[in-house]
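Enquirer: For the sequence shown, counting from 1, position 61 maps to 188 in my numbering; every step adds exactly one.
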Amino acid sequence: MAGERIQHATIIGVGLLGGSIGLALREQFPDIEVAGIGRRASSLRAARRVGAINTAHLDNYDVAARSDLVIIATPVGAYENILRAIKPHLKTGSLVTDAGSTKSQVVRVASRVLGKGGQFVGSHPMAGGEQKGPAYARANLLSGATCVVTPTAKTPKNLLLRTEKLWRKLGMKIVTMSPASHDQAVARVSHLPHILACALMEVPRADDFAVSATGLRDMTRLAGGDAEMWRDIVATNRKPIIAAMRTMRKKLDRIEQLVEQDDSQAIYRALIQAKTRHDKQLKR
């Protein structure tokens, strides 16, 4: 992959994100050939139908031997087996990166399988949608979104630069941080909200839903996410998630205390503080 020229890429896992990456690659590199590897023939057919990949390969990793670029876009629990499967086929100079939501364990696994300072650079393109599957893939899913790149002290500088250039070419904003810092941050801003959405779905009684409106739907949208993917996220980021949950529990305990004390002024100040921070950090 000299500079930003990519002639052949392999995407392993062609769901919504993998399919969108394939579409974006084909849009930005018109002459590229994109191979898709997956577990389900139906997903591979759908990815070809929307134009995300040129060729489909059902659990066949030989095609990686042709690739300048390999992107793993499966649940992170599958990474070790995938890395072991592609290792014999990787050509010299190819770049291996990923789209996983956790990084510390992923980077350790990649280092163990491919060797320290090998061909792998961790990435987390923070883009997605409510629908799942390649049928909903779109080339502009990545455009304007953030991609976190997570090098280690052993990452060759040229591989880091190539990884950053790749995601920029696909329209993403780059944030570079260590795998541990990434996992701690996303535990607070991504993983905790998902867990809270799941917990909130357990609170209403069955007949409460007759009077629910947009508030509950908006607050629990994340609970409709891919259970397999989120199982692996929680399993590979346990300590940061537990720390975030403990912080959240303290915040809830404090609000509960204010409600018990019927301290309307303190409750009002807490609501104003939350609104001010929301408007400053998240309102667009």
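All C-beta atoms, glycine included, are put in the ideal place defined by N, C-alpha and C.
As the structure is a prediction and not an experimental result, all values here were calculated from the model.
#1: For K230, count the other beta carbons within 10 Å of its own beta carbon; 16 or more makes it buried, fewer makes it exposed. Which is it?
#2: Would you call the stretch 264-282 and the stretch 291-300 in contact, with 3 or more CB pairs under 8 angstroms?
#3: Whole angstroms is fine: what's the gap from R193's alpha carbon to Q258's?
#4: Determine the burial state of G220: buried for a count of at least 16 other Cβ atoms within 10 Å of its Cβ, exposed for fewer.
#5: When the Cα atoms are used, what is the spatial distance from H135 to A162?
#6: Since G251 is in the beta strand (DSSP E), which residue starts that stretch and which ends it?
#7: For K300, which three-state DSSP category applies?
#8: Specify the secondary structure class of L409 as computed by DSSP and reduced to three states.
#9: Where in the stretch 250-337 do unbroken runs of the alpha helix (DSSP H), each at least 4 residues long, occur, reported from the N-terminal end onward?
#10: Count Cβ pairs between the stretch 179-188 and the stretch 278-286 that sit closer than 8 angstroms; are there 3 or more?
#11: T403 bridges to which residues according to DSSP?
#12: In this structure, does DSSP put G149 in helix, strand or coil?
#13: Please decide whether L185 counts as near chain D, where near means a Cβ-Cβ distance under 8 angstroms.
#14: Where G260 and D189 are concerned, what is the direct C-alpha to C-alpha distance, given to the nearest angstrom?
#15: Is it right to say I138 is buried, meaning 16 or more other beta carbons lie within 10 angstroms of its own, or is it exposed?
#16: Taking the alpha helix (DSSP H) that T137 belongs to, which residues open and close that run?
#17: If you reduce the DSSP assignment to three classes, tell me which class L241 lands in.
#18: So, at 8 angstroms on beta carbons, what are the nonlocal neighbours of Y395 in its own chain, with the 5 sequence-adjacent residues on each side left out?
#19: Which of helix, strand or coil does DSSP assign to V361?
Expert: In this structure, then:
#1: Taking the sequence shown and counting its residues from 1, one reaches residue 230 at position 103. Here K230 is buried. Its C-beta has 16 or more other C-beta atoms within 10 Å.
#2: A contact exists between the stretch 264-282 and the stretch 291-300.
#3: Taking the first residue of the sequence shown as 1, we reach residue 193 at position 66. Taking the first residue of the sequence shown as 1, we reach residue 258 at position 131. Distance between the alpha carbons of R193 and Q258: 32 angstroms.
#4: Indexing the sequence shown from 1 puts residue 220 at position 93. Counting other Cβ atoms within 10 Å of its Cβ, G220 stays below 16 and is therefore classed as exposed.
#5: By one-based count along the sequence shown, residue 135 stands at place 8. By one-based count along the sequence shown, residue 162 stands at place 35. If I take the Cα positions, the gap works out to 8 angstroms.
#6: In the sequence shown, the residue the question calls residue 251 occupies position 124. Rather than Gly, the amino acid found at residue 251 in this sequence is His. Boundaries of the beta strand (DSSP E) harbouring H251: 247-252, taken from the DSSP string.
#7: As a first step, residue 300 must be located in the sequence shown, where it is residue number 173. Of the three classes helix, strand and coil, the one that applies to K300 here is strand, per DSSP.
#8: The residue given as residue 409 occupies position 282 in the sequence shown. L409 falls in the coil class under three-state DSSP.
#9: Secondary structure remark: continuous alpha helix (DSSP H) runs of at least 4 residues inside the stretch 250-337, in chain order: 284-296, 306-313, 319-327.
#10: A contact is defined here as three or more CB-CB pairs under 8 angstroms, and the stretch 179-188 fails this definition with respect to the stretch 278-286.
#11: Taking the sequence shown and counting its residues from 1, one reaches residue 403 at position 276. Beta-bridge partners of T403 (DSSP): none assigned.
#12: As a first step, residue 149 is located in the sequence shown; it is residue number 22 there, counting from the start. Helix at G149.
#13: Included in the structure is just one protein chain, with no chain D present.
#14: Start at 1 with the first residue of the sequence shown, and residue 260 comes out as number 133. Start at 1 with the first residue of the sequence shown, and residue 189 comes out as number 62. C-alpha of G260 to C-alpha of D189: approximately 24 angstroms in a straight line.
#15: Stepping through the sequence shown from its first residue, residue 138 is reached at position 11. By the 10 Å Cβ count, I138 comes out buried.
#16: To locate residue 137, count along the sequence shown from 1; it is residue 10. Unbroken run through T137 is the beta strand (DSSP E), 135-139; no alpha helix (DSSP H).
#17: Within the sequence shown, residue 241 is the residue found at index 114, counting from 1. If DSSP states are grouped into helix, strand and coil, L241 belongs with the helices.
#18: Translated into positions along the sequence shown, residue 395 becomes position 268. Within the same chain, and ignoring the five residues on either side of Y395 in sequence, no residue has its Cβ closer than 8 angstroms to its Cβ.
#19: In the sequence shown, residue 361 corresponds to position 234, counting from 1. Three-state DSSP puts V361 in a helix.
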